[in-house]
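Trainee: Residue numbers (the numbering used here): 1 to 220. All C-beta atoms in this analysis are idealised placements derived from N, C-alpha and C, irrespective of residue type, glycine included. Given the structure is predicted, the values throughout are model-derived calculations rather than measurements. Right, I'll just put the structure down here and ask away after.
Below is the structure:
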């Protein structure tokens with residue numbers, strides 16, 4: 001993600017941010033998220049962002065019970081990822097493909113949205129607390145590289161994209177985005193603002209994945 005601009009969202013952008021709730025997607029700061037918007041309300045969201053601005057969106061995981069009211073106001077997690085649109089394509093059928101660059105973890109304070117078909121929120125950025133030791137980060141990276149090696153056995157083009165220059169909290173986010181599969185685990189990591197604890201959660205989740213991959217490769 002070094003090729004993307006990292007200018008934080010402005011106060012104005014955060015004050016009235018469109019929400020895109022999804023059932024299995026957790027959006028981390030420092031990552032790129034491609035999305036296909038096809039429902040009429042989210043086509044309008046993309047159109048408004050592209051034509052009128054600001055080009056900023058919060059992506060949040062739908063909370064348990066969302067199936068009962070998906071077309072209306074399903075429950076969502078208050079802690080979300082917020083970012084800026086850095087790529088856009090309008091398709092011939094009226095749907096939109098966008099790429100978001102994650103900039104913040106935020107807490108959503110939902111706003112009235114009578115004038116638009118999608119939901120809006122005031123987004124309050126959540127800052128990291130503390131840090132993690134170099135030993136903790138090295139342990140996380142070691143298990144992540146082991147998983148990446150296993151994945152490359154099946155997908156030779158796979159490469160773990162994480163810079164050694166990243167702060168510990170951001171490194172944990174980037175590793176989680178690429179290697180943590182469970183939406184619940186991803187949301188737990190997103191909501192963890194203590195950096196040492198977050199690094200530990202990512203290490204545990206990736207170690208569990210490594211154990212599963214190792215078991216799958218074990219001779220029967």
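Quick one: which unbroken beta strand (DSSP E) runs of 3-plus residues sit fully inside the region 36-100? Chain order, please.
Mentor: Counting whole runs of 3 or more residues, the region 36-100 contains the beta strand (DSSP E) stretches 56-61 and 79-90.
Trainee: Between residue 177 and the rest of its own chain, which residues show a CB-CB distance below 7 Å, the 5 nearest in sequence each way excluded?
Mentor: Sequence index remark: in the chain shown, residue 177 carries index 177 (1-based). These residues qualify, in order along the chain: 28 and 31.
Trainee: In whole angstroms, what separates the C-alpha of residue 141 from that of residue 160?
Mentor: Sequence index remark: in the chain shown, residue 141 carries index 141 (1-based). Sequence index remark: in the chain shown, residue 160 carries index 160 (1-based). If you take the alpha carbons of residue 141 and residue 160, they lie about 10 Å apart.
Trainee: Going by other Cβ atoms of all chains shown within 10 Å of its Cβ, with 16 needed for buried, is residue 83 buried or exposed?
Mentor: The residue labelled residue 83 in the question sits at position 83 within the chain shown. Buried, because 16 or more other Cβ atoms sit within 10 Å of the Cβ of residue 83.
Trainee: Are the beta-carbon atoms belonging to residue 60 and residue 46 less than 7 Å from one another?
Mentor: The residue given as residue 60 occupies position 60 in the chain shown. The residue given as residue 46 occupies position 46 in the chain shown. No, the pair does not count as a contact, with Cβ atoms beyond the cut-off.
Trainee: Pop quiz: residue 43 and residue 95 are said to be a contact at Cβ under 8 Å. What is the actual Cβ separation, rounded to whole angstroms?
Mentor: Within the chain shown, numbered from 1, the residue matching residue 43 stands at position 43. Within the chain shown, numbered from 1, the residue matching residue 95 stands at position 95. The Cβ separation is near 6 Å, so the contact holds.
Trainee: Name the one or two DSSP bridge partners that residue 102 has.
Mentor: Indexing the chain shown from 1 puts residue 102 at position 102. 83.
Trainee: So what does DSSP say about residue 2, is it helix, strand or coil?
Mentor: On the chain shown, position 2 is the one that residue 2 refers to. Caution applies to residue 2, whose pLDDT of 49 falls short of 50 and renders its modelled position unreliable; the value that the coordinates give is listed next. Looking at residue 2 - three-state DSSP - the assignment turns out to be coil, as it is neither helix nor strand.
Trainee: Work out the CA separation of residue 136 and residue 167 for me, nearest whole Å.
Mentor: Reading the chain shown from its first residue, position 167 is the one you call residue 167. Reading the chain shown from its first residue, position 136 is the one you call residue 136. Rounded to the nearest angstrom, the two C-alpha atoms are 12 Å apart.
Trainee: Just the Cα atoms here: how many angstroms apart are residue 185 and residue 49?
Mentor: Numbered from 1 along the chain shown, position 185 holds the residue referred to as residue 185. Numbered from 1 along the chain shown, position 49 holds the residue referred to as residue 49. Computed Cα separation, rounded: 30 Å.
Trainee: Note down the Cα distance separating residue 117 from residue 211, rounded to an integer number of angstroms.
Mentor: Here residue 117 is taken as the residue at index 117 of the chain shown, counted from 1. Here residue 211 is taken as the residue at index 211 of the chain shown, counted from 1. Distance between the alpha carbons of residue 117 and residue 211 is about 45 Å.
Trainee: Which residues in the same chain have their Cβ closer than 7 Å to the Cβ of residue 202, if we skip the five residues on either side of it in sequence?
Mentor: The sequence position of residue 202 within the chain shown is 202, counting from 1. Contacts found: 140, 172, 175, 176, 180 and 189.
Trainee: Would you check if the region 143-154 and the region 61-76 touch, i.e. whether three or more CB-CB distances between them fall below 8 Å?
Mentor: No, because fewer than three Cβ pairs between the region 61-76 and the region 143-154 fall closer than 8 Å, the two stretches do not touch.
Trainee: Determine the direct distance from the alpha carbon of residue 98 to that of residue 90, and round the result to whole angstroms.
Mentor: Position 90 of the chain shown, counted from the start, is the residue given in the question as residue 90. Position 98 of the chain shown, counted from the start, is the residue given in the question as residue 98. Their Cα atoms are separated by approximately 9 Å.
Trainee: Rounded to the nearest angstrom, what separates residue 196 and residue 115 at their Cα positions?
Mentor: For the purposes of this step, residue 196 is taken as residue 196 along the chain shown, with counting starting at 1. For the purposes of this step, residue 115 is taken as residue 115 along the chain shown, with counting starting at 1. Distance between the alpha carbons of residue 196 and residue 115: 42 Å.
Trainee: Who are the Cβ neighbours of residue 131 in its own chain at under 6 Å, not counting the five residues just before and after it?
Mentor: Within the chain shown, residue 131 is the residue found at index 131, counting from 1. Within the same chain, residue 131 has close Cβ partners 168 and 195.
Trainee: Sorted by chain position, which residues of the same chain lie with C-beta nearer than 7 Å to residue 10's C-beta, five sequence neighbours on each side aside?
Mentor: Stepping through the chain shown from its first residue, residue 10 is reached at position 10. Here the set comprises nothing.
Trainee: Out of 157, 85, 146 and 165, point me to the one whose CA is closest to residue 58's CA.
Mentor: Translated into the one-based positions of the chain shown, residue 58 becomes position 58. Here the closest residue by C-alpha is 85.
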